[in-house]
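Q: There's a structure below that I have some questions on.
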Ligand code: GDP
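In the UniProt record's numbering, the protein residues as written are 1 to 444.
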């Protein structure tokens, strides 16, 4: 999860002020020194850190903070606002062409995640806007790139145009665009070649494609895990191609977060999306305010809720609501729910989006073993059809059979069935309009 170290250090720095009633200028100086170190350690660009600290400090020595009875809160507020500003203030939507197709050119170094991200974005547009995207494979230097795009296209059911590796990429793009126009596709993605480093030949080729395709977006993919280097790469591409936006990938593996905090200020170009995993659904719109909230350990409930809405199948959710009303929630539904939760990604990452949880020491080394869910599923799989539909049939001898069938101890089977019954009970109460069950769940 991104920003772990930064969140902890910022919170430590600020919490020292919490113990004080009023603070002095010296206190502000001390906390700013710590914030500066925290940002540098998170690999934030030096100039960005300098400007950031200066702005926060200027505001923090003002009367509103020094005279305040809650100085720590005031400083959190200022840091939060300045973090939002440094990351671009508002989410930056995709540029759209007034007539179809909208052309999106993907550029970036090899391995940054260009091909994967093109497919993720096509998939997102398809799911959220019912769009009909089209992808052009113009990376002829890495033969596997074409196959990779075809495999992804197949997975998300989006057509891929290719002409092998012997045709000039500019010609491939020209012909691909014609096909897309004939087919009336509304979005065209051009997957261009990458290199290990920026070089002139690559830039010339990209400039030619840009000139021919006249794209509405030139999206630069950069790997967040490369920190400062990502910022340099972004600057290099932007100087040559005047990109329209940045997609920051692999934020799931970047524990520091420096790139996210530096790119906007250094290049002047917005981060439009962030990649947070390898699955096709792991691409999110970049919201500076939500990211600031996450950095400060204030959680990111909005993203969590959206994730749940997006990943939970709407029809399944309606079916579930009906089952709750009819009190017919059974083990088949339970299995279904487990699978949907598994699809949302590692549970510990979801938990950390809840306010206050990111730096909760009790959760520091929390790892929810995916095997636990698999074991629970194995127990359900060992039940007969009748038993899954009617859990009341589960008498001791059936339970022993299920334990043997799933290879789990009988105590575990008993515990799981007990939890299931409690869940059924709670649903019954909730569907009767009695929220007593829920309150108990939150320990009231
Ligand atoms: P390209 O050379 O720029 O086209 O890069 P690829 O699309 O082939 O991506 C390189 C590797 O990064 C692949 O294994 C991707 O699955 C992986 N990848 C891309 N985006 C993300 C991300 O957001 N998170 C993680 N964990 N992996 C990613």
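Even for Gly, the Cβ is constructed at its ideal location relative to N, Cα and C.
Which whole-angstrom value describes the C-beta separation of residue 112 and residue 223, a residue pair presumed to lie in contact below a C-beta threshold of 8 angstroms?
A: If you number the chain shown from 1, residue 112 lands on position 112. If you number the chain shown from 1, residue 223 lands on position 223. That belief holds up - the Cβ atoms of residue 112 and residue 223 are roughly 5 angstroms apart, short of 8 angstroms.
Q: Taking 7 angstroms as the cut-off, is the CB of residue 162 close to at least one heavy atom of the ligand GDP?
A: The residue labelled residue 162 in the question sits at position 162 within the chain shown. No, since every heavy atom of the ligand GDP falls outside the 7 angstroms radius drawn around the Cβ of residue 162.
Q: Any heavy atom of the ligand GDP closer than 7 angstroms to the Cβ of residue 205?
A: Taking the first residue of the chain shown as position 1, residue 205 is located at position 205. No; taking the cut-off as 7 angstroms, the Cβ of residue 205 has no heavy atom of the ligand GDP nearer than that.
Q: Residue 286 and residue 263 - do their beta-carbons sit closer together than 8 angstroms?
A: Position 263 of the chain shown, counting from 1, holds the residue named residue 263. Position 286 of the chain shown, counting from 1, holds the residue named residue 286. Not closer than 8 angstroms, so no.
Q: Just reading off the beta strand (DSSP E) that residue 114 is part of, what are its end residues?
A: Within the chain shown, numbered from 1, the residue matching residue 114 stands at position 114. Per DSSP, residue 114 belongs to no beta strand (DSSP E); it is in the alpha helix (DSSP H), 114-129.
Q: Which of the three DSSP states, helix, strand or coil, is assigned to residue 331?
A: The residue labelled residue 331 in the question sits at position 331 within the chain shown. Residue state, collapsed to three classes: helix.
Q: Given residue 188, which residues of its chain have a CB within under 6 angstroms of its CB, disregarding the five upstream and five downstream residues?
A: Along the chain shown, read from residue 1 onward, the residue named residue 188 stands at position 188. Excluding positions up to five away in sequence, the list reads 101, 103, 134 and 180.
Q: DSSP state of residue 381, grouped into three classes?
A: The sequence position of residue 381 within the chain shown is 381, counting from 1. Helix, per DSSP.
Q: Applying the 10 Å Cβ sphere with the 16-neighbour rule, what's the burial state of residue 407?
A: Taking the first residue of the chain shown as position 1, residue 407 is located at position 407. Flag for residue 407 reads exposed.
Q: Just to confirm, does residue 192 get its C-beta within under 7 angstroms of one of the non-hydrogen atoms of the ligand GDP?
A: Counted from its first residue, the chain shown places residue 192 at position 192. Not under cutoff, so the answer is no.
Q: Out of 288, 250 and 334, point me to the one whose CA is closest to residue 81's CA.
A: Within the chain shown, numbered from 1, the residue matching residue 81 stands at position 81. Taking only the C-alpha atoms, the option nearest residue 81 is 288.
Q: By a C-beta neighbour count over all protein chains shown, 10 Å radius and 16 as the cutoff for buried, is residue 144 buried or exposed?
A: As a first step, residue 144 is located in the chain shown; it is residue number 144 there, counting from the start. The residue in question, residue 144, is exposed, as its Cβ has fewer than 16 Cβ neighbours within 10 Å.
Q: Could you check whether the Cβ of residue 253 sits closer than 7 angstroms to any heavy atom belonging to the ligand GDP?
A: The residue labelled residue 253 in the question sits at position 253 within the chain shown. Yes; taking the cut-off as 7 angstroms, the Cβ of residue 253 has a heavy atom of the ligand GDP nearer than that.
Q: Ordered along the chain, which non-local residues of its own chain (more than five positions away) have a Cβ less than 6 angstroms from that of residue 3?
A: Taking the first residue of the chain shown as position 1, residue 3 is located at position 3. Cβ neighbours of residue 3 beyond the five flanking positions: 257 and 295.
Q: How far does the beta strand (DSSP E) with residue 291 in it reach, from first residue to last?
A: Here residue 291 refers to the residue found at position 291 when the chain shown is read from its first residue. Unbroken run through residue 291 is the alpha helix (DSSP H), 288-295; no beta strand (DSSP E).
Q: Please classify residue 70 as buried or exposed, where buried requires at least 16 neighbouring CB atoms within 10 angstroms.
A: Reading the chain shown from its first residue, position 70 is the one you call residue 70. The residue in question, residue 70, is exposed, as its Cβ has fewer than 16 Cβ neighbours within 10 Å.
Q: Please confirm whether any heavy atom of the ligand GDP lies closer than 7 angstroms to the CB of residue 249.
A: The residue you call residue 249 lines up with position 249 of the chain shown. Checking the Cβ of residue 249 against the ligand GDP gives yes.
Q: Could you tell me whether the region 207-216 touches the region 144-156, where touching means 3 or more Cβ pairs closer than 8 angstroms?
A: In short, these stretches do not touch, since the Cβ pair count stays below three.
Q: Leaving out the 5 sequence neighbours to the left and right, which residues in its chain are closer than 7 angstroms to residue 89 when beta-carbon positions are compared?
A: Within the chain shown, the letter at position 89 stands for residue 89. Hits under 7 angstroms: 288.
Q: Would you identify the three-state DSSP class for residue 166, choosing helix, strand or coil?
A: Here residue 166 is taken as the residue at index 166 of the chain shown, counted from 1. Here residue 166 sits in coil by DSSP.
Q: Taking its Cβ as the centre, do 16 or more other Cβ atoms sit within 10 Å of residue 33, making it buried, or is it exposed?
A: To locate residue 33, count along the chain shown from 1; it is residue 33. By the neighbour-count rule (16 or more Cβ atoms within 10 Å), residue 33 is not buried but exposed.
Q: For the ligand GDP, is there any heavy atom lying closer than 7 angstroms to the beta carbon of residue 122?
A: The residue given as residue 122 occupies position 122 in the chain shown. Every heavy atom of the ligand GDP is 7 angstroms or more from the Cβ of residue 122, so no.
Q: Which one of 7, 290, 68 and 105 has the shortest CA to CA distance from residue 91?
A: The residue you call residue 91 lines up with position 91 of the chain shown. Out of 7, 290, 68 and 105, 290 has the C-alpha closest to the C-alpha of residue 91.
Q: Using 10 angstroms around the beta-carbon of residue 369, count the other beta-carbons present and answer buried if the total reaches 16, otherwise exposed.
A: Reading the chain shown from its first residue, position 369 is the one you call residue 369. Exposed.
Q: Alpha carbon to alpha carbon, how far is residue 9 from residue 35? Give it in angstroms, no decimals.
A: Here residue 35 refers to the residue found at position 35 of the chain shown. Here residue 9 refers to the residue found at position 9 of the chain shown. So the two alpha carbons sit approximately 8 angstroms from each other.
Q: Report the rounded CA-to-CA distance for residue 259 versus residue 226, giving the unit in angstroms.
A: As a first step, residue 259 must be located in the chain shown, where it is residue number 259. As a first step, residue 226 must be located in the chain shown, where it is residue number 226. So the alpha carbons of these two residues sit roughly 8 angstroms apart.
Q: Can you tell me which of 169, 118 and 170 puts its alpha carbon nearest to the alpha carbon of residue 248?
A: By one-based count along the chain shown, residue 248 stands at place 248. Checked all of 169, 118 and 170; the closest Cα to residue 248 is 118.
Q: For a minimum of 4 consecutive residues, which ranges assigned as the alpha helix (DSSP H) are wholly contained in the region 192-254?
A: 200-213 and 228-241, all fully within the region 192-254.
Q: State the Cα-Cα distance for the pair residue 186 and residue 97, rounded to the nearest angstrom.
A: Sequence index remark: in the chain shown, residue 186 carries index 186 (1-based). Sequence index remark: in the chain shown, residue 97 carries index 97 (1-based). Their Cα atoms are separated by approximately 9 angstroms.
Q: State yes or no: is the C-beta of residue 376 within less than 8 angstroms of the C-beta of residue 338?
A: For the purposes of this step, residue 376 is taken as residue 376 along the chain shown, with counting starting at 1. For the purposes of this step, residue 338 is taken as residue 338 along the chain shown, with counting starting at 1. Contact flag set, yes.
Q: When the Cα atoms are used, what is the spatial distance from residue 441 to residue 243?
A: The sequence position of residue 441 within the chain shown is 441, counting from 1. The sequence position of residue 243 within the chain shown is 243, counting from 1. Residue placement at residue 441 cannot be trusted, given a pLDDT of 35 that sits under 50; the coordinates are not used to answer.
Q: Nearest to residue 428 by alpha carbon, out of 160, 330 and 410?
A: Position 428 of the chain shown, counted from the start, is the residue given in the question as residue 428. Among 160, 330 and 410, the Cα nearest to that of residue 428 is on 330.
Q: With a cut-off of 8 angstroms, do at least 3 Cβ pairs link the region 36-48 to the region 6-22?
A: At 8 angstroms Cβ cutoff, the stretches touch.
Q: Can you tell me where the alpha helix (DSSP H) with residue 396 in it begins and where it stops?
A: For the purposes of this step, residue 396 is identified with residue 396 of the chain shown, where counting begins at 1. Residues 396-406.
Q: So is the beta-carbon of residue 226 under 7 angstroms away from any non-hydrogen atom of the ligand GDP?
A: Position 226 of the chain shown, counted from the start, is the residue given in the question as residue 226. No, the Cβ of residue 226 stays beyond 7 angstroms of every heavy atom of the ligand GDP.
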